[in-house]
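Let me begin by presenting the structure, written as structure tokens, before commenting on it.
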Amino acid sequence: MIETRLGDFEEVILLIAGILDDEAYALKITEEFKRQTGREVSIGAVHSTLDRLEQKGFVKSALGEATAIRGGKRKRIFTITALGKRVLKDAMDFKMSLWKQYPLLAGKLNFSF
Amino acid sequence: MRRQPDIPPRLATWLLHRFLRDDLAEDVGGDLEERFYTLRENTSRLRAQTDYWYQVLFYIRPFAIRKRSRQPQLYRAMYKNYFTTSLRAMKKNKLHAAINIAGLSVGMTVAIIIGLWIKDELSYEKHFDNYSSIGRVLQNVTNNGHVDTWWSVPWPLADELRKKYGDNFTHVVLATDAENAVVTYEDKHLSQSGIFAEPDFGALFTLPMVQGGHDALQDASSVLISQSLARTYFADGDPIGKIITINTTMTVHVAGVYKDIPEQSEFNNVHFIAPWQLLYNESGWIKNMHDPWRPNAFSLYVGLAANRSFDAVSLMIKDAKLKNLSTELAKKKPALFIHPMSRWHLYSRFKDGFQVGGLITYVWLFAIIGVFVVLMACMNFMNLSTARSEKRAKEVGIRKAIGSYRSQLIQQFFSESLVTVLLSFTLALLLVQLSLPAFNLVAGKQAALPWSDITLWLYAIGLCVVIGLLAGSYPALYLSSITARHALKGGFRASKGSSWSRKVMVVVQFTVSVTMIIGTAVVFRQIQHAKNRPIGYETDGLVAVQTNSSELHKHIDAVRNELQQARFIVDVAEAGSPTTESWSSTSAIKWDGKDPDLSVDFSNVGVSANYGKTIGWEIAQGRDFNRDILSDSNAFIVNETAANYMGFTTPVGEVVYWYDQPIKIVGVIKDIVSNSPFEPVKPTFYFIDPNAGGFALFRISPDQPAQQALGAIERVYKKYNPEKPFTFRFVDEAYAQKFGNEERMGKLAGIFTSLAIFISCLGIFGLSSFIAEQRTKEIGIRKVHGATVFQVWRMVSTDFVVLVVVACCIAMPVAYWLASQWVTRYTYHTNVSWFIPVFAALTILLITLVTVSWHTVQAAKTNPVKSLRTE
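In structure tokens form, the structure reads like this:
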């Protein structure tokens, strides 16, 4: 059976990959993660997550363009699959439903996302 | 200088591609490179390179690592096969395997234990943070052209160094040597050892404090105590601020508690550190010294300032003492130098003013023994392998015939030896664990296997592999080279060279064994020689009791009467030092006709009038002290060495001057050995000291059990000293302890020697079994032709005996020379007689014959019908 549950870190990486769109390769995702969260992670850590996401079928990857600064080596671009999008949506819906069941906080917090 | 190109670290890139999955190589390589160059634009090269390394190392994750190819699984099966064949080969040749494993494991046990011992010896003083820049100030003094090295210095030297040479040192700290003192808290009185030191002591040695600070000693009424002392006196209570008394007169408050100083240190028995100022204030003798530069009674420790070397500073302070001396004292020309802390323990012997080793000699000696013992075990392994090679050759032939590569055979033989070595190593660990308690007892150590020290294990495993490769090299490299045709035809014979190398190895083994036997025998002879030395008095039944106060002295007659009437003791005398040591010496001695240039150093002992009678010294000339002759309070009894030294023909009646006061010699006694039994006796004089205290010497009645008499003595002692601890020593035990170091080394050498012999014997045992087997047919034919059992036995044994005789011929002169060198370390030493090497050679020959006979006699006794029918 393919693992379909989405971990917290995986969810963030998946979202960032979505945001970056056709610039979504391991290095850029790592940098964006740092920019968005302020947390430093190694490229290897991000790449290993992307690899896992690919095995679960949430993203697919293909070699893209090469630039001079990369020594002429091509990038591996990760794109979210339809399954990936659905899983993201499910994750959000699940959390929303949890929030709704928690009226005391929900009223005060004024969802800002 | 050529600038290095600004590219990612090559080593890291190489590493990355070593482990990275091939399909990831391009994009990951690109990502990391991009990251590097982007970073490089904004930050330093080092930052960018460090980051690159960081990224590479963090790519070592299961997903990114190249999957192993199919091949290794095949290898795994092969290794498994090697392993099984190794075990099978061992099972098939149980004797052979047992000899190998027994020899190797014993050899490794010896090596591990020696390694632990050396590790312990090398660790001395190393746990002090600044040990490499700390030193002790020693002095070389010249006595009549002969240079002695003294470890103590006069106390004003500390200030002198601070004032005039201060910029060379971070600290200069004066201290006393560790001595026992009675430490009292409320009603607890115990004898504890400690020192008096200047305030910087804690800072210089960076004492790890549990409570309080180093600098507490600035206050002359404070004291630092060790954690264990704190526990003894205050249990779990807070020690800080508690008032304790040292030697009943010095009252101090506890200002700090330091962690116990480890076993591996000069200071390991220092349990309290009291202020030097306190000692100075309280004990009149320092304050009222006739000439404070005269008595050398204190230790001086210094910490070197940055960028100073011991040699340079030693040279600078060389004359610091000499400049302050009176012309009379200056005759000794004291030259100061600094002995570095890292060398205190292992390099403590000085001869003629030069460092001549010390314990380091033993460290080297045992290291060499360890290496030899392991080598000998390896030799057994190789010998037996080559001996069996003819049998194994057939196996090689068959393996090759069914398609084995040479490389596979090499691997097989190596794995066989590695399996043997690893089995032996495991067994050795077990043996070490079992024998360590006994070893620690003999060696006076607390060594333990460092189970948690990973680097050490890596070394050990690495060494095992090396031994395995070494021991397995012959069969692996040579046997694997035989062609199948050659081997299967059956005509294979191990080459001439191999039988030669076998002989050489046996000779080496026995040379080492014989050398070790001779060495050990000489050590024991030397100890026995010194033990047989006449010591000049009767030690049996003599008990030295530390008086610790003047109370006992005041009531000494009452004590004597009480114990004599109950028939517990024969007599009791008093003296300033126990008979087994002499603590006091003086250079202020003159006599008529003394060469003015002669500088002298006389031991002196203040005693009570009945001292001689009590300890049983032998009067050579004149008479003993007599308490009824009043003038005896101003008389000397000298020992024979002193009488000879002063050159008197009839010493009795001569007058000598002590601090210019004339004193008459009334008697001469036979020399008493009071310091090292290996050194000559010093010129000594005895005088009646009305305040003689410090030690009471009880002569127990021979018809009384010692324990009962001791109990009675303690009761009387407690009557006068209710709050003092009763500390006593049997003089004969104290004297025996002077041999402790030598006896310890002798015992260790003895143990290692027997193990070396054991290993050598295992070797020839294995070889003889092989020879007997190989020559079965020859022996059968000889017997058919009428050879007797004795003739056959002689024929086979001769081969081995010849080798052992050759070994003896090499070992005897070498060992004789080494042993002769060793004994001259001791002034009072035995001569290495020819008897010892001959005895060693005969012993080893006998052992060899017995070992070899086990198999040869069996072979010789076999019925030829049976032996000729084999195959």
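For the protein sequence lines, the chains are Z and L, in the order given. Here the UniProt record's numbering is used: the first residue of the first sequence is 1, the next is one more, and so on. Here the UniProt record's numbering is used: the first residue of the second sequence is 1, the next is one more, and so on. Don't be surprised by glycine CBs; every beta carbon is placed ideally from N, CA and C.
From the DSSP secondary-structure annotation, give me the bridge partner or partners of residue i.
i	result
Ile13/Z	DSSP, once it has assigned bridges, lists no residue as partnering Ile13/Z.
Gln408/L	Gln408/L is not bridged to any residue.
Leu190/L	Val183/L
Ser61/Z	Phe78/Z
Met250/L	Ile246/L
Leu174/L	Leu300/L
Asn143/L	His146/L
Asn639/L	Ile669/L
Val274/L	The question names Val, but residue 274/L in the sequence shown is Ala. According to DSSP, Ala274/L bridges with Phe196/L.
Val572/L	Phe698/L
Val223/L	Val254/L
Val153/L	Phe298/L
Thr753/L	Partner(s): none; Thr753/L has no beta bridge.
Val789/L	Paired residue(s): none; Val789/L is not in a bridge.
Ala487/L	The partner list for Ala487/L (beta bridge, DSSP) is empty, contrary to what the question assumes.
Measure the beta-carbon distance from residue i to residue j and round it to whole angstroms, keeping in mind my assumption that it falls under 8 Å.
i	j	result
Gly576/L	Gly541/L	Not confirmed; about 22 Å, so no contact.
residue 895/L	Val522/L	Past the boundaries of the shown model lies residue 895/L; chain L is included only from 1 to 871, so the question cannot be answered.
Asn440/L	Gln446/L	6 Å
Ile665/L	Val652/L	6 Å
Phe272/L	Leu224/L	7 Å
residue 897/L	Leu300/L	As shown, chain L starts at 1 and ends at 871. That puts residue 897/L outside it, with no answer to give.
Asn604/L	Ser587/L	Not quite, the Cβ-Cβ distance comes to about 11 Å (not below 8 Å), so this is no contact.
Ser599/L	Pro690/L	The pair is not a contact, with the Cβ atoms about 30 Å apart (cut-off 8 Å).
Ile13/Z	Leu50/Z	7 Å
Ala255/L	Gly212/L	5 Å
Lys570/L	Val559/L	It should be pointed out that residue 570/L corresponds to Val in this sequence rather than to Lys. So it is not a contact: roughly 13 Å between Cβ atoms.
What's the call for residue i, buried or exposed, on a 16-neighbour Cβ count within 10 Å?
i	result
Leu19/Z	It is Ile, not Leu, that sits at residue 19/Z in the sequence shown. Flag for Ile19/Z reads exposed.
Thr515/L	buried
Met96/Z	exposed
His214/L	buried
Arg21/L	exposed
Lys866/L	exposed
Tyr459/L	exposed
Arg2/L	The pLDDT assigned to Arg2/L is 44, lower than 50, so where the model puts this residue is not dependable; a value taken from the coordinates is nonetheless given after this. Arg2/L should be labelled exposed.
Phe354/L	exposed
Thr649/L	exposed
Ala772/L	buried
Asp27/L	buried
Ala158/L	buried
residue 894/L	Since the first and last residues shown for chain L are 1 and 871, residue 894/L lies out of range.
Cys809/L	exposed
Ser61/Z	buried
Thr420/L	buried
Pro8/L	buried
Asp592/L	exposed
Gln412/L	buried
Lys75/Z	buried
Ile368/L	exposed
Glu125/L	buried
residue 872/L	As displayed, chain L neither begins before 1 nor continues past 871, which places residue 872/L out of reach and without an answer.
Ala859/L	buried
Ala111/L	buried
Lys332/L	buried
Against chain Z, which members of the segment 26-52 of chain L pass a CB distance test of less than 8 Å? Against chain Z - using a Cβ distance shorter than 8 Å - the residues of the segment 26-52 of chain L are Glu26, Asp27, Val28, Gly29, Gly30, Asp31, Leu32, Glu33, Glu34, Arg35, Tyr37, Thr38.
Could you pull out every unbroken beta strand (DSSP E) segment of at least 3 residues lying fully inside the segment 641-706 of chain L, listed in chain order? 655-658, 661-669, 684-688, 695-700
Just list the alpha helix (DSSP H) runs in the segment 492-557 of chain L, keeping only unbroken ones of 4 residues or longer that don't cross its boundaries, in chain order. 496-531, 551-554
Residue ranges of each alpha helix (DSSP H) within the UniProt domain "ABC3 transporter permease C-terminal" (368-482) of chain L, 4 or longer: Qualifying alpha helix (DSSP H) stretches, in chain order: 389-401, 406-443, 454-473.
Mind pulling the beta strand (DSSP E) runs of 3 or more residues that sit fully within the segment 282-312 of chain L? 299-304
Contained alpha helix (DSSP H) runs [length at least 4] in the segment 81-117 of chain L, N- to C-terminal order: none
Would you list, in sequence order, the uninterrupted alpha helix (DSSP H) runs of no fewer than 4 residues that lie entirely inside the segment 577-628 of chain L? 611-615
Within 7 Å of chain L by C-beta, residues of the segment 67-91 of chain Z in sequence order: Along the segment 67-91 of chain Z, going in chain order, the ones with a CB nearer than 7 Å to a CB of chain L are Ile69, Arg70, Gly71, Lys73, Arg74, Lys75, Arg76.
Residues from the segment 247-262 of chain L in contact with chain Z, defined by Cβ distance under 9 Å: none
Interface positions of the segment 51-65 of chain L facing chain Z (Cβ-Cβ less than 9 Å), listed along the chain: Tyr54, Gln55, Val56, Leu57, Phe58, Tyr59, Ile60, Arg61, Pro62, Phe63, Ala64
Going along the chain, which residues of the segment 49-62 of chain Z sit with their C-beta nearer than 8 Å to a C-beta in chain L? Asp51, Arg52
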